[in-house]
Every structure is written in structure tokens, then in C-alpha cells.
Amino acid sequence: MLRALRIYGAAALLLIFVAFPLYWMAITSLKPQTEVFRVPPTWLPERWTLEHYVELFLLTDFGRLFLNSLQVCLMSTFMALAVGILGAYALARLKVRGKEAYGRMVLLAYMFPGALLIIPLLLLFRQLGLTNSHLGLSLAYLTFAVPFVMWVMRDFFASIPIDLEEAALIDGASRLGALWDVVLPQAVPGIIATGIFAFLFAWNEYLFALILISDEALRTLPPGMMRFVSTTDTNWGLIMAASTLATLPMALAFGLIQRYLVTGLGAGGVKG
Amino acid sequence: MASDTPQGAVRTFEDGAVRERAGAARTLASTLLDRHLGIILLLPSALTFLVLLVFPLAYGIYTSFFERHVLDPEGTWVGLGNYVWLFTNPNFWHSLLISTFWAGATVGLQIVLGTAVALLLHQSFQGRSLVRGLVLFPYMMPVVSVILVWMLLYNALYGVINYVLVQTGIVSRPIAWLSQPDSAFWSVVFVGVWKYFPFVVVIVLARLQVIPQDLYEAARIDGAGPIARFFDITLPQLRDVLLVVALLRTIFMFNNFEIVFLLTGGGPLRATMTLPILVYEQAFGVYELGRGSAIAVVMFFILIAVMSVYFAFLRKEND
Numbered sequence: 001m002l003r004a005l006r007i008y009g010a011a012a013l014l015l016i017f018v019a020f021p022l023y024w025m026a027i028t029s030l031k032p033q034t035e036v037f038r039v040p041p042t043w044l045p046e047r048w049t050l051e052h053y054v055e056l057f058l059l060t061d062f063g064r065l066f067l068n069s070l071q072v073c074l075m076s077t078f079m080a081l082a083v084g085i086l087g088a089y090a091l092a093r094l095k096v097r098g099k100e101a102y103g104r105m106v107l108l109a110y111m112f113p114g115a116l117l118i119i120p121l122l123l124l125f126r127q128l129g130l131t132n133s134h135l136g137l138s139l140a141y142l143t144f145a146v147p148f149v150m151w152v153m154r155d156f157f158a159s160i161p162i163d164l165e166e167a168a169l170i171d172g173a174s175r176l177g178a179l180w181d182v183v184l185p186q187a188v189p190g191i192i193a194t195g196i197f198a199f200l201f202a203w204n205e206y207l208f209a210l211i212l213i214s215d216e217a218l219r220t221l222p223p224g225m226m227r228f229v230s231t232t233d234t235n236w237g238l239i240m241a242a243s244t245l246a247t248l249p250m251a252l253a254f255g256l257i258q259r260y261l262v263t264g265l266g267a268g269g270v271k272g
Numbered sequence: 273m274a275s276d277t278p279q280g281a282v283r284t285f286e287d288g289a290v291r292e293r294a295g296a297a298r299t300l301a302s303t304l305l306d307r308h309l310g311i312i313l314l315l316p317s318a319l320t321f322l323v324l325l326v327f328p329l330a331y332g333i334y335t336s337f338f339e340r341h342v343l344d345p346e347g348t349w350v351g352l353g354n355y356v357w358l359f360t361n362p363n364f365w366h367s368l369l370i371s372t373f374w375a376g377a378t379v380g381l382q383i384v385l386g387t388a389v390a391l392l393l394h395q396s397f398q399g400r401s402l403v404r405g406l407v408l409f410p411y412m413m414p415v416v417s418v419i420l421v422w423m424l425l426y427n428a429l430y431g432v433i434n435y436v437l438v439q440t441g442i443v444s445r446p447i448a449w450l451s452q453p454d455s456a457f458w459s460v461v462f463v464g465v466w467k468y469f470p471f472v473v474v475i476v477l478a479r480l481q482v483i484p485q486d487l488y489e490a491a492r493i494d495g496a497g498p499i500a501r502f503f504d505i506t507l508p509q510l511r512d513v514l515l516v517v518a519l520l521r522t523i524f525m526f527n528n529f530e531i532v533f534l535l536t537g538g539g540p541l542r543a544t545m546t547l548p549i550l551v552y553e554q555a556f557g558v559y560e561l562g563r564g565s566a567i568a569v570v571m572f573f574i575l576i577a578v579m580s581v582y583f584a585f586l587r588k589e590n591d
């Protein structure tokens, strides 16, 4: 009895610690402007309103920021999956000289800090005309997305039983055919989970987005949202509405991949 | 292996010869493809790394030997000048110290909190899967959303944290958490712990689930209490995974730019000026690209040092 009480007490504390900021974000976005600044604060809105969400789409460029982010993140995720899956399969299954060293290099690449890369990337991208370009930004995101996909998918491929693949090879399939027809269909859950993580890392990224894109029309969500703090006279209701909407893709993805979270997080460690 | 079992084994008499030739050609091509498939599949990633990581890294090192700014965009060779500037500049040593404190404090607290929460979520209780799911939210939440909501919570005038602390009498008047040197550091540490401790929870929880139960049974029979069981069984079993997690998190936190930069911008009075922010300040604040690159190169060597400890540890593990 006492033990149960302790466990539920601890769980309740944990819930408050984790969920209160989320709750406060959502609830503030639903309060009218005057109520947001009230002391003592109201724990539930006295008057529920969607005015900040309407404002967000009518008076700010939030919609465009959101679409720009979506475009960049989708491009970089698909490129990273295409490049990373092929490499991961080779690392997991094929005989290649020096692949252990290559695998270590991939992990090292994955640890590269953005602050280390941003100066040379900016200079390089200027030369190539890739600044102020969604393609350029999504290429920059490959610096962490490709190593991530390779690292996680290598373990995932290694965990798939080799028997079916061998049977396909004995039946006369080529290696590539076996990868396409036998291995990939089994790997779909892993690919989806990995892809979602790669998407989220890109969705969250701030430094590259800030430096590589200066054209307001092309700006993505993270630097775009930080601009609201100074330009809108700190309208916290509006800012919390934007924060809530920016969290939505994460919440949706979360429902999809909850079962695979341990795969994604456990295999080699996740960027962040 | 495919070459041992050529395709086209089922064939009719009429076109058998034709099929056999086609089969042989296909087999040769696919044998060649199969033999070099590993290299072929690794090529796109190798190209990506070469263009987007290796070349920029080399170019960054190259840039660190130049004085390069707005008035001199092509740059002037200064040899080790930027490094001399760096190592004789108190701001660099200050930032190295701040970065070390920041990484040490956030990782230490993440490990302690993450392990405690993993132990809690390993117990069975009603609603456990809901709590397990919710615990991951801070980690998955976009950094900018995290920053904005904590700015609101920390706000000196109408922030909830101040309201609760004043009401309960813990502090006598509201604190401007993020704009005073002494409170700013621990305020950003708190956010860093809140956002990233779920990473530790997931990995420790996965490890807890594979500790053999009979170890605990044996200890219970020997009369060991819960605290003794934790120190004698759980902690030794978790030791290796905790070391790996601590190393990974140290690298990530040491390199983390966004959390601190967006909350305080490195201030007040450089109290939270970590190395990544110093790079940003030099490169994009005062446009000294050479100096910024030199700091980045130093960070790279710190990364290499920590990673080689990690790889040495993994090698020891595998033996």
C-alpha cells in the first residue's frame, strides 16, 4: 500500500514536470490577450478563444513558414533515406573492405556540431549558389540525416533474419533483387520510424536555417518563429499558438511510431 | 552465390539455346554487380560525406589560417595567428570553462534524473504506458517551441514559475531568471535537462528490461533490501550503458547551440557564452570568419578526443 502510494506520487510529480510546460503552451494559446498577462494566472482560460490562431494565419507569415519548413524537411528526409538505406544495407550485409572504419566515420560524422560546419558550408554554398535555396538547406541537413539513417538502419538490417534473403539468392535473385523484394518490405517499419526521426531533426534545426537562408520569402519555421518574439510586441498568446502548431507534426508522428521509439532511440543514440 | 544457380533453369526445347545465352549474359552482369555491390551502395553516402562534411571540414581548417572579414573577403594568410589570438584571449578560456560546466551539469542531471525515471517506469502501475509515452514529449518537441514556452514560464513579470515561488514563500519577489548572471546559467541548464533527459530514460529502461530476474530473486533470498539490491545488482548491470549514454550526451550537450543561444544569447555578461555561441559571435556577430573557424577547429579536436575514448570503450566491450 505504502509502496503503491510512493509509486503513484512519483509518477504524478513526473507528469507535472514533463507535461506542465506543454499544457501551459496549449492553454496560453487559447486565452484572450488580456488574460495571458494576468497575475495571478488563470489555470484554465476563463474565456476560450481561437483568436490567436486566426491572427497567426491572417496577420503573420506563419502559413508560409510552415510550408517552407515542410518542403525542406521532406526533401532532406527522402534524400537521406535513399542514400542512407543503401549504405546501411552494405554496412550490415555486404563484404566491403574497410567497412568497420567507414562505420566509425559515419558515427563521427553524426556527432559533428553544426557550429563546426556552418562557416565552411556558408562559404561553399555561396560559391555554388545554394544559399537562399530550399535545396541548399535540405542538402545541409543531410550532414546529420544521412549518418543518422545509416547508423540506425544498419542495426535494423542486421536484426532482420538472413534466411529469407539467402533463400531468395539460392532461387536465383541478384543481391539487389533480394534487397528490393525481400529485405526492404521487412524493413518498412524501421524505415518509417527512421524517416520520422530524420524529419524531426530537420524540423527542429535552427542554426543552418538561420544562416543559409536570409530571404524572408524562403525562411523556415524555427528562425521565423523566433522573430515573433521581437516583432509582435511579445504577443505570448500568438507565440504559444505558433509553438503549439509547430509541435503538431511531432505529435502526429509520435502516434505513428510510439512502438518503434526504442528502436530509433536505442540504436546508437540519437542526435540532439 | 547467384552465379552457382543461373537463372532460366526451366526452359523449353525450342528456345532453350537462346534463353541459355541470355541467362549467361544476365548472370555475368549480375555477378559483376553482386561482387561490387557493397562499394556501389556505399558510393552515394561517401559522396555526400565528401562534399558536405570532409570538404567543409578541410575548408574550415584552411579558413582558420586566414584573417577573413567583411573588409577583406578573400582573406589574408596569418598562419597560426588566429590560434595565438584564441589561446591568449580570456574570452576563449572563459567559454571553454562555461561549455565544460554546461555539459557537465546537464549530463550529470540528465543521467541521475533519467535513471530515476527509468527505474520508476520499470515498476508496474496503472497508466504506465501513458506516462512512458508522455515522458518522451520534451525530447520530440521542436527546440524553438521549447524555448518559447520556457521564456514565458521564466518571465519576470507574469511567469508562472515566479508566481508559484512567491506564493509559496520560497522567494520574496519575482526573479528575472534569464537576465541575471547567477540565475541564467542554472535556468538554461534546467531547460537542457528537461528537454534531453528522456533520451537517458529510453536507453536505461531498455537495459533494465533485460536484467535477468533470477539475480534479484537470489538477492532477495539472501535478505538484501531494495537499496542493497539497487547498488549490488541494478547499478553494476547499468554501468556500461550509463557510461555510453554519458559519453554521447556529453558530446551532444557540448555541441548544443540552440538551447542556450535562444534563451540568453550567451549573456548576461557572458555567463552562458558556450563555445558554439562564441563561434557564432565571431563568425556572424563580428564577421571574423577566420577566428570563428579556429574556435570550431578546437571544438573538432575536443570531439575527436572524446570520440576516441568512446571507440576505445566499444572495442573493450566487444572483446
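Taken in sequence, the protein lines are chains A and B.
Under our numbering, residues 1 to 272 are what the first sequence spells out, in order.
Under our numbering, residues 273 to 591 are what the second sequence spells out, in order.
Even glycine gets a Cβ: it sits at the ideal position worked out from N, Cα and C.
Where residue i falls, given that 16 or more other Cβ within 10 Å makes a residue buried
i	result
Q127 of chain A	exposed
A267 of chain A	Residue placement at A267 of chain A is poorly supported in this model, since its pLDDT is 43, which falls under 50; the coordinates are not used for a value here.
A11 of chain A	buried
I89 of chain A	In the sequence on display, residue 89 of chain A carries Tyr and not Ile. Looking at its Cβ environment, which holds 16 or more other Cβ atoms inside 10 Å, Y89 of chain A is buried.
L67 of chain A	exposed
Y8 of chain A	exposed
T360 of chain B	exposed
R334 of chain B	Residue 334 of chain B is actually Tyr in this sequence, not Arg. Label assigned to Y334 of chain B: exposed.
P362 of chain B	exposed
N427 of chain B	buried
For residue j and residue i, the rounded distance between their alpha carbons
i	j	result
G380 of chain B	L450 of chain B	22 Å
G288 of chain B	A92 of chain A	For G288 of chain B, the predicted model reports a pLDDT of 43, less than 50, meaning its position is unreliable; a value from the coordinates is still stated below. Approximately 38 Å, taken between the alpha carbons.
M25 of chain A	R307 of chain B	56 Å
K2 of chain A	A496 of chain B	In the sequence as presented, Lys is not what sits at residue 2 of chain A; that position holds Leu. Taking the straight line joining both Cα atoms gives about 19 Å.
F157 of chain A	Y552 of chain B	39 Å
D486 of chain B	F502 of chain B	14 Å
S455 of chain B	A543 of chain B	9 Å
V270 of chain A	P508 of chain B	The pLDDT assigned to V270 of chain A is 45, lower than 50, so where the model puts this residue is not dependable, and the model offers no usable value.
Y582 of chain B	V146 of chain A	21 Å
E100 of chain A	M412 of chain B	31 Å
A241 of chain A	L65 of chain A	14 Å
A490 of chain B	P498 of chain B	13 Å
Y430 of chain B	F37 of chain A	6 Å
I191 of chain A	F199 of chain A	12 Å
M250 of chain A	F197 of chain A	9 Å
L221 of chain A	N204 of chain A	9 Å
G557 of chain B	H341 of chain B	11 Å
R6 of chain A	L368 of chain B	42 Å
L561 of chain B	L550 of chain B	12 Å
P223 of chain A	F208 of chain A	10 Å
Q261 of chain B	F469 of chain B	Nothing in the structure corresponds to residue 261 of chain B, since chain B is present only between 273 and 591.
L137 of chain A	V323 of chain B	14 Å
Residue i CB to nearest heavy atom of the ligand NAD below 6 Å
i	result
Y89 of chain A	Of ligands this structure carries none, so the ligand NAD is not represented either.
Whole-angstrom C-beta distance between residue j and residue i, which should lie under 8 Å
i	j	result
L238 of chain A	E35 of chain A	So it is not a contact: roughly 14 Å between Cβ atoms.
A246 of chain A	M225 of chain A	6 Å
F144 of chain A	F201 of chain A	6 Å
A531 of chain B	V474 of chain B	Per the sequence shown, residue 531 of chain B should be read as Ile rather than Ala. No, I531 of chain B and V474 of chain B are not in contact; Cβ-Cβ is about 20 Å, not under 8 Å.
I160 of chain A	A140 of chain A	Actually they are not in contact, since the Cβ atoms of I160 of chain A and A140 of chain A sit about 32 Å apart, beyond 8 Å.
A568 of chain B	L116 of chain A	4 Å
L425 of chain B	V432 of chain B	6 Å
S336 of chain B	N354 of chain B	6 Å
As assigned by DSSP and simplified to three states, the class of residue i
i	result
R521 of chain B	helix
Q439 of chain B	helix
L391 of chain B	helix
W274 of chain A	What is shown of chain A runs 1 to 272, which leaves residue 274 of chain A out entirely.
K31 of chain A	coil
S396 of chain B	coil
R501 of chain B	helix
A217 of chain A	helix
E165 of chain A	helix
Y206 of chain A	coil
E489 of chain B	helix
M1 of chain A	coil
S356 of chain B	Note on residue identity: the sequence assigns Val, not Ser, to residue 356 of chain B. Three-state DSSP puts V356 of chain B in a helix.
A173 of chain A	coil
L541 of chain B	coil
V96 of chain A	coil
L429 of chain B	coil
F529 of chain B	coil
Per DSSP, the bridge partner or partners of residue i
i	result
E339 of chain B	B:T348
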